[in-house]
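Trainee: The structure under discussion is supplied below as structure tokens; questions concerning it will follow.
Numbering (my numbering), first residue to last: 1 to 169.
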């Protein structure tokens, strides 16, 4: 079943717009993976790079977890999904990974992120990022995630085109 991607509204308050743009970018990543086999999703861009569509999905699960659950949600001791020692690069290696495994983890982290965002009383809620020993607002986290998805969706464009020639968002 193709991913449904809803364009962000043209008018709205700040939180509505941030939420909509973040969900739009989440859906774009999922859409780039639609209709591909596990083998195609694991296909690396240009060895020795480990970059693949499935690796991007796994990486974004880590990013969602780190910023929403660990930083804003206060679960600082929660390990990363694929790296007990906190190495974000581990997620990019999708060698033995499958679509169900990677997408289940990513979708679970997205749902946690949505819950944390909805429960926050405002975008000014802050959390502590232990990795960099800084306090950040929910606003910052949402903007950072939009940026992170946008950057990686550009990678996903090229990866998908290299797999089957599909171009465009």
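Glycine included, C-beta positions come from ideal geometry on N, C-alpha and C.
In terms of residues, what are the limits of the alpha helix (DSSP H) holding residue 16?
Mentor: Taken as a continuous stretch (DSSP letters only), the alpha helix (DSSP H) holding residue 16 covers 14-33.
Trainee: On the CB-based measure, 16 or more other CB atoms within 10 Å of its CB, does residue 116 come out buried or exposed?
Mentor: Burial call: buried.
Trainee: What residues in its chain sit with their C-beta under 7 Å from that of residue 57, if we drop five residues either side in the sequence?
Mentor: So the qualifying residues of the chain are 29, 33, 102, 103 and 106.
Trainee: Once DSSP output is grouped into helix, strand and coil, what is the label at residue 168?
Mentor: Looking at residue 168 - three-state DSSP - the assignment turns out to be coil, as it is neither helix nor strand.
Trainee: If the criterion is Cβ atoms closer than 8 Å, does the pair residue 91 and residue 59 meet it?
Mentor: Yes; because the gap between Cβ atoms is below 8 Å, this pair is in contact.
Trainee: Does the beta-carbon of residue 6 have 16 or more other beta-carbons within 10 angstroms, so that it is buried, or is it exposed?
Mentor: Classification of residue 6: exposed, given that the 10 Å Cβ count is below 16.
Trainee: Would you say residue 134 and residue 36 are within 8 Å of each other, going by their C-beta atoms?
Mentor: No. Outside cutoff.
Trainee: Name the two residues that bound the continuous alpha helix (DSSP H) containing residue 116.
Mentor: Counting along the chain, the alpha helix (DSSP H) containing residue 116 begins and ends at 99-119.
Trainee: For residue 131, which option in 74, 12 and 16 has the closest C-alpha, if you only look at C-alpha atoms?
Mentor: The option with the nearest alpha carbon to residue 131 is 74.
Trainee: Run through DSSP, which three-state label would residue 136 get?
Mentor: Reduced to three states, the DSSP call for residue 136 is strand.
Trainee: Sort 39, 120, 87 and 89 by Cα distance to residue 142 and report the nearest one.
Mentor: The candidate whose alpha carbon is nearest that of residue 142 is 120.
Trainee: Between which two residues does the alpha helix (DSSP H) carrying residue 55 extend?
Mentor: Element bounds for residue 55: 53-64.
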